[in-house]
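Note sheet for the following structure.
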Amino acid sequence: MRMKYVLTEVMVGLWRNVTMTIAMIITMAVSLFMLGGSGLLYQKVSDMKDLYYENIQVSVFLKTDVKPEQRTELETKLKGDSLVKTVDYVNKDEAYKRFQQMYQDAPDLVNAVKPDQLPESFRLTLVDPEQYKQIYSQYKDVAGVDEIVDQSKLLDKVFGVLGGIQTFALAISIVMAMAALLLVANTIQVAAYSKRREVAVMKLVGASNWFIQAPFVLEAVVAGLIGSLFGLVALIALKTLGGGGSLSALEGLISPISWGDIFLVFPLMAGVGAVVSAITAWVTLRFYLRV
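Shown next as structure tokens:
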């Protein structure tokens with residue numbers, strides 16, 4: 112009987128302040144959508160960082176007049192270095208083939224470069240990619256070495272941009288969450304005020320605090336859960352409608368977001384929406400109703 116009363120009061124309360132309830136749900140949906148999107152972005156960027164940095168290489172380019180004994184000595188030293196995982200030697204012909212593949216869309220540039228113009232090099236895979244500086248300082252002055260290039264410099268810039276997008280999305284979700292919390296608090300205050308006489312009567316007859324607060328808290332929880340569902344719908348729509356648009360431009364940079372990823376992030380959205388709404392409603396009632 113008590114549970115039936117509480118659930119009935121929840122539905123009545125949501126409908127009584129329908130405009131504020133709709134505003135609360137929409138704001139919660141937008142904030143949870145941003146939270147879920149930033150969470151997916153964080154996950155994918157983190158995964159791609161691990162993948163990229165695991166396969167990152169350091170290129171040690173040799174001088175055009177390097178002597179065979181200098182090249183052999185350098186190769187022996189690199190293969191015996193504890194910081195180096197693998198060593199691949201790239202001669203001029205192999206370098207030219209890679210150059211042709213890399214710039215196949217610019218035939219004029221390819222035709223202007225001859226195989227003997229490209230330097231020989233050693234491509235190194237490091238045990239720890241972050242130890243590039245040690246490799247650089249150790250081999251930059253070795254005889255026959257012309258230049259040492261670390262691919263992570265470019266990746267750092269790329270991930271810096273993605274990190275900025277992550278931070279921006281998270282900041283927007285926090286701002287929207289604060290707006291949603293204010294709406295939750297305001298809606299609960301209005302609902303409590305409209306039922307102030309009923310609350311006073313229940314207190315006089317000895318109703319417990321949880322029995323008085325439960326309908327209001329559940330109103331906020333239901334609104335949070337509905338908002339999370341709308342946030343999920345927005346993520347699904349973004350993947351469906353944006354698959355051939357702006358999102359496709361990122362497919363070569365980060366791994367694609369699957370349907371499984373979207374549905375796995377939904378429990379986080381629903382949990383945050385329900386728990387935060389419940390806590391906000393409970394705190395509001397504690398300060399407003401003094402029950």
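So my numbering is basically just the index in the sequence shown, starting at one, shifted up by 111.
Glycine included, every Cβ here is placed at the ideal spot set by N, Cα and C.
Extent of the continuous alpha helix (DSSP H) run through residue i
i, result
"T183", "179-190"
Residue i versus residue j - alpha carbon distance
i, j, result
"V328", "G371", "31 Å"
"V238", "K196", "5 Å"
"S142", "S284", "5 Å"
"V286", "P326", "27 Å"
"S357", "G384", "Because the pLDDT at S357 is just 48, under 50, the model does not fix this residue reliably, and the value given afterwards should be weighed accordingly. The alpha-carbon atoms of S357 and G384 are separated by roughly 28 Å."
"V156", "M380", "19 Å"
"K188", "K251", "13 Å"
"Y243", "V253", "16 Å"
"I373", "G275", "22 Å"
"G147", "L346", "8 Å"
"E184", "Q245", "19 Å"
"E205", "V198", "15 Å"
"P240", "F341", "42 Å"
"I390", "K190", "60 Å"
"I409", "E186", "Since the first residue shown for the chain is 112 and the last is 402, residue 409 is missing from the structure and cannot be characterised."
"A288", "A348", "21 Å"
"A331", "L151", "26 Å"
"T395", "I137", "20 Å"
"A360", "T351", "Only weak support is given to the placement of A360: the predicted model assigns it a pLDDT of 48, under 50, and the question is left unresolved by the model."
"G271", "V129", "44 Å"
Supposed close pair residue i, residue j - CB separation, criterion 8 Å
i, j, result
"D257", "P230", "6 Å"
"A291", "M139", "4 Å"
"D261", "V171", "Contact doesn't hold; Cβ gap of about 10 Å is too wide."
"V387", "G335", "7 Å"
Where residue i falls: helix, strand or coil (DSSP)
i, result
"E231", "coil"
"L343", "helix"
"Q215", "coil"
"S170", "strand"
"V256", "strand"
"D176", "coil"
Residue i - partner residues in DSSP beta bridges
i, result
"E241", "Per DSSP, none; premise fails for E241."
"D261", "V169"
Opening and closing residue of the beta strand (DSSP E) in which residue i lies
i, result
"T197", "195-201"
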